[in-house]
Amino acid sequence: MTTIQNPAADKAANKPPKPTGPRRIAAPRALPEALPFWDAASKGRLLVKRCTDCGETHYYPRDICPHCLSANTEWIESTGKGTIYSFSTMGKDEARYTLAYVTLDEGVTMLTNLVDCDPATLAIGHRVQLVFKPSDGGYPVPMFTPA
């Protein structure tokens, strides 16, 4: 007896299950040098780093300035306001999310999510403001919503 191969059926059988419910946010990995960042996030504040030698602001927070390699950096509090530099929406229904680059008023651009809005209404250059979303058992994560 000959078995007939059905590639479409084989492919369907190996599909991962469809996501159910809203997208979950994994707990961030808090490195020791970024603990002040995450502690501030727990209090609803967004911190970024500024180099005291070259004056440049940077994100993701790290001890060494990525612009001049100085170790003389300080924490500053962001206003939590910025503009959409770029964005893309993925998924559908409850599992849909919008990944974006947001340029903060402090001049640094950060990778984040745009939340609590209809992605069809978003546009590059739109103003956004900071919100924190809870993660699965960890620190809250900074995200943005239209201002």
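Going by my numbering, the sequence shown wraps up at 148, each residue one higher than the last.
Idealized CB from N, CA, C, for every residue including glycine.
Only a predicted model underlies this, so the values are computations on that prediction, with no experimental measurement involved.
Query, Result
"Limits of the unbroken alpha helix (DSSP H) element including valine 37", "Sequence check: residue 37 is proline here, not valine. Proline 37 -> alpha helix (DSSP H) spans 36-43."
"Spatial distance of leucine 105 from threonine 146 (CA atoms)", "13 angstroms"
"Beta-carbon gap between tyrosine 140 and proline 29 smaller than 8 angstroms", "yes"
"N- and C-terminal bounds of the beta strand (DSSP E) containing serine 79", "Taken as a continuous stretch (DSSP letters only), serine 79 belongs to no beta strand (DSSP E), as it is neither H nor E."
"Contact check, threonine 122 vs methionine 144, beta carbons under 8 angstroms", "no"
"C-alpha gap between leucine 70 and isoleucine 85, whole angstroms", "28 angstroms"
"Cβ neighbours of phenylalanine 88 in the same chain (closer than 8 angstroms, five flanking residues each side left out)", "Thr99, Leu100, Ala101, Tyr102, Leu115, Pro120, Leu123 and Ile125"
"Within 8 angstroms, strictly: CB atoms of proline 62 and alanine 35", "yes"
"Rounded Cβ spacing between glutamate 57 and histidine 68 (contact assumed at less than 8 angstroms)", "4 angstroms"
"Reference leucine 47, options Leu32, Asp54, Asp64 and Phe133, closest by Cα", "Phe133"
"Leucine 131 classed as buried or exposed, judged by whether at least 16 other C-beta atoms fall within 10 angstroms", "buried"
"Own chain, CB closer than 8 angstroms to tyrosine 60, minus 5 neighbours either side, in chain order", "Val49, Lys50, Leu105, Val109, Thr110 and Met111"
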